[in-house]
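Colleague: The listed protein sequences correspond, in order, to chains A, B, C and D.
Taking our numbering, the leading residue of the first sequence gets 4, the next gets one more, and so forth.
Taking our numbering, the leading residue of the second sequence gets 4, the next gets one more, and so forth.
Taking our numbering, the leading residue of the third sequence gets 4, the next gets one more, and so forth.
Taking our numbering, the leading residue of the fourth sequence gets 4, the next gets one more, and so forth.
All C-beta atoms, glycine included, are put in the ideal place defined by N, C-alpha and C.
Predicted, not measured: the structure shown is a model, and the values here were computed from it.
The structure follows.
4 protein chains.
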Amino acid sequence: MSSRHDYPHHHPVATRWADNDVYGHVNNVEYYAWFDTAINAYLIEYGELDIHGGETIGLCVESHCSYNAAVVFPEVVEVGLRVAKLGRSSVRYELGIFRAEAQEPAAEGWFVHVFVGREDRRPRALPDALRAALARLEPDGA
Amino acid sequence: MSSRHDYPHHHPVATRWADNDVYGHVNNVEYYAWFDTAINAYLIEYGELDIHGGETIGLCVESHCSYNAAVVFPEVVEVGLRVAKLGRSSVRYELGIFRAEAQEPAAEGWFVHVFVGREDRRPRALPDALRAALARLEPDGA
Amino acid sequence: MSSRHDYPHHHPVATRWADNDVYGHVNNVEYYAWFDTAINAYLIEYGELDIHGGETIGLCVESHCSYNAAVVFPEVVEVGLRVAKLGRSSVRYELGIFRAEAQEPAAEGWFVHVFVGREDRRPRALPDALRAALARLEPDGA
Amino acid sequence: MSSRHDYPHHHPVATRWADNDVYGHVNNVEYYAWFDTAINAYLIEYGELDIHGGETIGLCVESHCSYNAAVVFPEVVEVGLRVAKLGRSSVRYELGIFRAEAQEPAAEGWFVHVFVGREDRRPRALPDALRAALARLEPDGA
C-alpha cells in the first residue's frame with residue numbers, strides 16, 4: 004500500500020450528494036470518475052491536452068481499483084497521481100484516494116491511457132508537451 | 004437576473020471529466036446535481052442534518068433551472084444559495100451558478116425541499132437547528 | 004396532472020444502482036437525465052439528429068420537474084414525451100415519468116431546446132426532418 | 004476473451020445521453036456502473052437481497068475493466084454475468100459488455116463483493132438464498 008507522499012501530484016475532489024449510494028457511502032464507481040478527473044485535469048493544465056479540438060486524445064483501455072475504507076459525502080478527498088510506465092503512445096497511471104489527514108489510501112488503483120488520433124482512433128506518439136508533463140510524475144521525475 | 008452578491012452563501016464546485024457531454028460543455032443535468040450538493044452540504048454543516056440516521060429528511064418536490072452560459076470541465080464554479088421562502092415543513096431555495104470572477108450567473112434555478120419523517124415520509128416541522136441555519140440565508144437573514 | 008395516454012411517445016428507462024441515493028430512492032436529479040435521454044433518443048431515431056457531426060445541435064435553455072411519487076432501483080419506468088410548442092429554432096417538450104402500470108406520473112416536467120450551430124452556437128431554424136419528427140408529438144400531431 | 008455464451012446471465016442496459024463523454028462515446032466509468040447494476044439487479048431479483056433493510060449487504064472491495072470497443076448512446080447493450088469464485092462471505096463476478104449481435108465483448112471485467120453486516124460492516128456468511136442464486140452462475144452451476 005502506498006502512502007500519500009508516494010504520489011508527486013495531488014488533485015482535490017469535493018464529494019457530491021449523489022456520490023453516496025443507498026448504503027450511505029460513496030459508490031465504488033465514483034472513484035473511477037475521480038481518477039478520470041484527476042488525470043485529465045493534469046493533462047489539460049500541464050500537458051496542453053486540448054479535449055475539444057486537439058488531434059491526439061487519450062482513451063482508457065484498462066482500469067482497476069481496490070477499496071480499503073469508506074468515503075462519505077460531504078467530505079473532501081485528494082487523488083494522488085503518479086506515472087508508473089510511460090510508453091511511446093500509452094501511459095500507465097497509479098492513483099490513490101486520500102481522506103483528509105490520512106496517510107494511507109481509502110482506495111488505490113491504476114488506469115491506462117492509449118493516445119490515439121481523434122478521427123481515426125489509431126495510436127499516436129504522445130505529443131511532446133504531454134510527455135514532458137507526464138515524465139514529471141514518474142518516480143524519478145522531479 | 005441576480006448577481007453573485009445577491010446570494011449570502013457560496014459553495015465551490017470543481018467540475019469533473021464526466022460533467023462534460025458530447026457537445027463539449029457541462030450537461031444541463033449536472034447543474035441540478037450541484038444544487039443538491041450545495042444545499043445538502045449547507046444543511047449538514049450548519050443545520051445539523053443527519054443524512055444517515057436523522058428522523059427528519061428533506062425530499063425535493065420541485066426544481067427548475069434556466070441556462071445562460073456554458074461551463075466547461077475543468078473549471079471551478081461557485082453555487083450561490085439563498086432561501087426565498089421558509090415554511091413550517093418546506094423550504095424554497097434559489098440558486099445561481101457562477102463562473103470564476105463572473106458577477107452574472109451561468110445558470111439560475113430554484114429547488115423546493117419538503118421535510119418528512121425518514122420512515123413514514125410524511126411532512127414534519129423543520130427541526131430548530133435546521134430552521135435557524137436556513138433563516139440566515141433569507142434576504143434579511145444576516 | 005397528465006395521464007399516460009396524454010403522451011404520444013414513451014421511452015423505457017431501466018433504473019440503475021447508482022440512481023438510488025442515500026434515502027433509498029432515485030435521486031431527483033436523475034429524472035432530468037431521463038428527460039434528456041428520452042428526448043435525444045427520439046431526435047436521433049426519428050429526427051435524423053447527428054450528435055457527432057451534425058451542423059445543428061440542441062441545447063437546453065430551461066427545464067423543470069415536479070415530483071409526486073418515489074421510484075426505486077431496480078424498477079423500470081417509462082418517460083412520456085410530447086411537444087407543447089414548436090417554434091422556428093426552439094422546442095418546448097413536456098414529459099412524465101410513469102411507473103409500471105401507473106396512469107398518473109411519478110414526476111412531470113418540461114424542457115426547452117434551442118437549436119444552434121455546432122460551431123457558432125447561434126440559433127438555427129430546425130432542420131426539416133427534426134421538425135417533422137417533433138410535429139408528430141404535438142397534441143394534434145398524429 | 005470470453006464470448007456471449009460464456010455468460011449464463013444477461014442483463015440489458017440502455018445507454019443514456021450522459022453516458023457519452025466529450026469524445027462522443029460512452030465514458031469508461033459508466034461500464035462499472037453497468038456492472039454494479041447488473042449484479043445488484045440479479046441479487047435483488049433472484050437472491051432476495053434487500054438493499055433497504057436487509058441485515059447483510061454487499062460491498063465492492065475490488066474491480067477491474069479492460070476495454071476493446073466503443074459503445075455509443077443511444078445503443079442498447081447486454082451485460083453478461085457469471086460467478087468465478089464463491090467463497091464463504093465473498094463473491095468474485097466476471098462480466099462482459101456486449102453490443103447488439105456481437106459475440107465478442109466491447110469490454111470485460113471483474114468485481115468482488117464482500118458481504119457484511121449493514122451496521123457493523125464486518126464479514127458475514129452469504130445468506131442461503133443469495134448463495135443459491137449465485138451458485139447458478141458458476142460455470143457448472145446450471
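Determine whether the Cβ of aspartate 9 of chain B lies closer than 9 Å to any Cβ atom of chain C.
Modeller: Along the second sequence, one-based indexing puts residue 9 of chain B at 6. So no, aspartate 9 of chain B is outside the interface.
Colleague: With burial defined as no fewer than 16 other Cβ atoms inside 10 Å of the residue's Cβ, what is the status of valine 82 of chain D: buried or exposed?
Modeller: For this step, residue 82 of chain D is matched to residue 79 along the fourth sequence. Valine 82 of chain D is buried by the Cβ-count criterion.
Colleague: Return helix, strand or coil for histidine 14 of chain B, following the three-state DSSP convention.
Modeller: If you number the second sequence from 1, residue 14 of chain B lands on position 11. It is a strand residue.
Colleague: Using the Cβ count rule (16 or more neighbours within 10 Å means buried), how would you classify glutamate 58 of chain C?
Modeller: By one-based count along the third sequence, residue 58 of chain C stands at place 55. That one is exposed.
Colleague: Considering only the beta carbon of each residue, do valine 94 of chain D and phenylalanine 118 of chain D sit closer than 9 Å?
Modeller: Working through the fourth sequence from its first residue, we reach residue 94 of chain D at position 91. Working through the fourth sequence from its first residue, we reach residue 118 of chain D at position 115. Yes, Cβ-Cβ distance for valine 94 of chain D and phenylalanine 118 of chain D is below 9 Å.
Colleague: Would you list, in sequence order, the uninterrupted beta strand (DSSP E) runs of no fewer than 3 residues that lie entirely inside the region 58–83 of chain A?
Modeller: 59–70
Colleague: I want to know whether the region 40–51 of chain B touches the region 122–139 of chain A - three or more CB-CB distances under 8 Å.
Modeller: In the pairwise beta carbon analysis, the region 40–51 of chain B is classified as not touching the region 122–139 of chain A: fewer than three pairs are separated by under 8 Å.
Colleague: How would you label glycine 99 of chain D, buried or exposed, when you count the other beta carbons within 10 angstroms and need 16 or more for buried?
Modeller: Position 96 of the fourth sequence holds residue 99 of chain D. That one is buried.
Colleague: Residues of chain D with a CB under 9 Å from the CB of glutamate 104 of chain A: which are they?
Modeller: The residue labelled residue 104 of chain A in the question sits at position 101 within the first sequence. By Cβ distance, chain D contributes nothing, its closest Cβ being about 21 Å from glutamate 104 of chain A, past 9 Å.
Colleague: At least one CB of chain D closer than 9 Å to the CB of aspartate 24 of chain B: is that the case?
Modeller: As a working mapping, residue 24 of chain B is identified with position 21 in the second sequence. True, the Cβ-Cβ gap to chain D drops below 9 Å.
Colleague: Could you tell me which residues DSSP pairs with histidine 28 of chain D in its beta bridges?
Modeller: Position 25 of the fourth sequence holds residue 28 of chain D. For histidine 28 of chain D, which the question treats as bridged, DSSP gives no partner whatsoever.
Colleague: Use the C-beta contact count for glycine 56 of chain A: other C-beta atoms within 10 angstroms, 16 or more gives buried, fewer gives exposed.
Modeller: In the first sequence, the residue the question calls residue 56 of chain A occupies position 53. Glycine 56 of chain A should be labelled exposed.
Colleague: Residues in its own chain within less than 6 Å of alanine 87 of chain D by CB, not counting five upstream and five downstream?
Modeller: Residue numbering aside, residue 87 of chain D sits at position 84 when the fourth sequence is read from its first letter. For alanine 87 of chain D, where only same-chain residues beyond five positions count, the Cβ hits under 6 Å are Arg95 and Glu97.
Colleague: Measuring alpha carbon to alpha carbon, tell me which residue in B/Arg139, B/Leu129, B/Cys68 and B/Ala72 is nearest aspartate 39 of chain B.
Modeller: Locating residue 39 of chain B in the second sequence gives position 36, counting from the first residue. The shortest Cα separation from aspartate 39 of chain B among B/Arg139, B/Leu129, B/Cys68 and B/Ala72 belongs to B/Cys68.
Colleague: May I ask you to report which of helix, strand or coil DSSP gives arginine 127 of chain A?
Modeller: Start at 1 with the first residue of the first sequence, and residue 127 of chain A comes out as number 124. Looking at arginine 127 of chain A - three-state DSSP - the assignment turns out to be coil, as it is neither helix nor strand.
Colleague: Suppose you measure from the CA of valine 115 of chain A to the CA of glutamate 111 of chain D; what does that come to, to the nearest Å?
Modeller: What you label residue 115 of chain A is simply residue 112 of the first sequence in a count that begins at 1. What you label residue 111 of chain D is simply residue 108 of the fourth sequence in a count that begins at 1. Distance between the alpha carbons of valine 115 of chain A and glutamate 111 of chain D is about 15 Å.
Colleague: Which value, in whole angstroms, describes the spacing of the CA atoms of asparagine 71 of chain B and alanine 136 of chain D?
Modeller: Counted from its first residue, the second sequence places residue 71 of chain B at position 68. Counted from its first residue, the fourth sequence places residue 136 of chain D at position 133. Distance from the CA of asparagine 71 of chain B to the CA of alanine 136 of chain D, rounded to the nearest whole angstrom, comes to 51 Å.
Colleague: Distance cutoff 9 Å, beta carbons only. Does arginine 13 of chain D sit that close to anything in chain C?
Modeller: Looking up residue 13 of chain D in the fourth sequence gives position 10. The amino acid at residue 13 of chain D is misidentified as arginine; the sequence shows histidine. Taking Cβ atoms only, chain C never reaches closer than 9 Å to histidine 13 of chain D, which makes this a no.
Colleague: Are the CB atoms of tryptophan 37 of chain A and valine 64 of chain A within a distance shorter than 9 Å?
Modeller: One-based indexing of the first sequence puts residue 64 of chain A at position 61. One-based indexing of the first sequence puts residue 37 of chain A at position 34. No, these two residues do not count as a Cβ contact at 9 Å.
Colleague: Measure the Cβ-Cβ separation of histidine 8 of chain B and leucine 84 of chain B and say whether it is below 9 Å.
Modeller: Taking the second sequence and counting its residues from 1, the one referred to as residue 8 of chain B is at position 5. Taking the second sequence and counting its residues from 1, the one referred to as residue 84 of chain B is at position 81. Taking 9 Å as the Cβ cut-off, histidine 8 of chain B and leucine 84 of chain B do not qualify as a contacting pair.
Colleague: Using the C-alpha atoms, what's the distance from aspartate 143 of chain D back to valine 32 of chain B?
Modeller: Working through the second sequence from its first residue, we reach residue 32 of chain B at position 29. Working through the fourth sequence from its first residue, we reach residue 143 of chain D at position 140. For valine 32 of chain B and aspartate 143 of chain D, the distance between alpha carbons rounds to 44 Å.
Colleague: If you run the structure through DSSP and keep just helix, strand and coil, what is isoleucine 100 of chain C?
Modeller: Working through the third sequence from its first residue, we reach residue 100 of chain C at position 97. Note: isoleucine 100 of chain C maps to strand in three-state DSSP.
Colleague: Give the straight-line distance between the Cα atoms of proline 108 of chain B and serine 6 of chain B, rounded to the nearest whole angstrom.
Modeller: Residue mapping note: residue 108 of chain B aligns to position 105 of the second sequence, counting from 1. Residue mapping note: residue 6 of chain B aligns to position 3 of the second sequence, counting from 1. When rounded, the distance between both Cα atoms is 7 Å.
Colleague: Could you name the residues that DSSP lists as bridge partners for asparagine 23 of chain A?
Modeller: Taking the first residue of the first sequence as 1, we reach residue 23 of chain A at position 20. Note: asparagine 23 of chain A sits in a beta bridge opposite A/Val29.
Colleague: Going by DSSP in three states, leucine 1 of chain A sits in which element: helix, strand or coil?
Modeller: The displayed coordinates of chain A run from 4 to 145. Any statement about residue 1 of chain A would go beyond what the structure contains.
Colleague: List the DSSP bridge partners of glutamate 157 of chain D.
Modeller: Chain D is shown only over 4 to 145; residue 157 of chain D falls outside these bounds and no answer can be derived.
Colleague: Do valine 74 of chain B and aspartate 22 of chain B have their C-beta atoms within less than 9 Å of each other?
Modeller: One-based indexing of the second sequence puts residue 74 of chain B at position 71. One-based indexing of the second sequence puts residue 22 of chain B at position 19. Going by C-beta atoms, valine 74 of chain B is nearer than 9 Å to aspartate 22 of chain B.
Colleague: Could you check which residue in C/Asn30, C/His28 and C/Leu89 has the C-alpha nearest to that of leucine 129 of chain C?
Modeller: For the purposes of this step, residue 129 of chain C is taken as residue 126 along the third sequence, with counting starting at 1. Of C/Asn30, C/His28 and C/Leu89, the residue nearest in Cα terms is C/Leu89.
Colleague: At a CB distance below 7 Å, what residues from the region 21–51 of chain B approach chain D? Give them in sequence order.
Modeller: Ala21, Asn23, Asp24, Val25, Gly27, Asn30 and Val32
Colleague: Measuring CB to CB, does tyrosine 49 of chain B end up less than 9 Å from arginine 139 of chain B?
Modeller: As a first step, residue 49 of chain B is located in the second sequence; it is residue number 46 there, counting from the start. As a first step, residue 139 of chain B is located in the second sequence; it is residue number 136 there, counting from the start. Going by C-beta atoms, tyrosine 49 of chain B is nearer than 9 Å to arginine 139 of chain B.
Colleague: Can you give the Cα-Cα distance for glutamine 106 of chain B and aspartate 53 of chain B, rounded to whole angstroms?
Modeller: As a working mapping, residue 106 of chain B is identified with position 103 in the second sequence. As a working mapping, residue 53 of chain B is identified with position 50 in the second sequence. In a straight line, the C-alpha of glutamine 106 of chain B is about 33 Å away from that of aspartate 53 of chain B.
Colleague: I'd like to check one pair, serine 66 of chain D with tryptophan 113 of chain D: are the Cβ atoms closer than 9 Å?
Modeller: The residue given as residue 113 of chain D occupies position 110 in the fourth sequence. The residue given as residue 66 of chain D occupies position 63 in the fourth sequence. Yes, these two residues count as a Cβ contact at 9 Å.
Colleague: Which residues in the same chain as methionine 4 of chain C place their Cβ atom closer than 8 Å to its Cβ, once the five residues preceding and following it in sequence are excluded?
Modeller: Locating residue 4 of chain C in the third sequence gives position 1, where the first residue counts as 1. Excluding residues within five positions, the ones whose Cβ falls inside 8 Å are Asn71, Glu107, Pro108 and Glu111.
Colleague: So, is the C-beta of valine 74 of chain A closer than 9 Å to a C-beta in chain B?
Modeller: The residue you call residue 74 of chain A lines up with position 71 of the first sequence. No, no contact with chain B.
Colleague: CA-CA distance, tyrosine 3 of chain D and aspartate 24 of chain C?
Modeller: The structure shown has nothing for residue 3 of chain D, since chain D only spans 4 to 145.
Colleague: Per the DSSP calculation, glycine 56 of chain C is bridged to which residue(s)?
Modeller: What you label residue 56 of chain C is simply residue 53 of the third sequence in a count that begins at 1. BP columns for glycine 56 of chain C are empty, so no partner.
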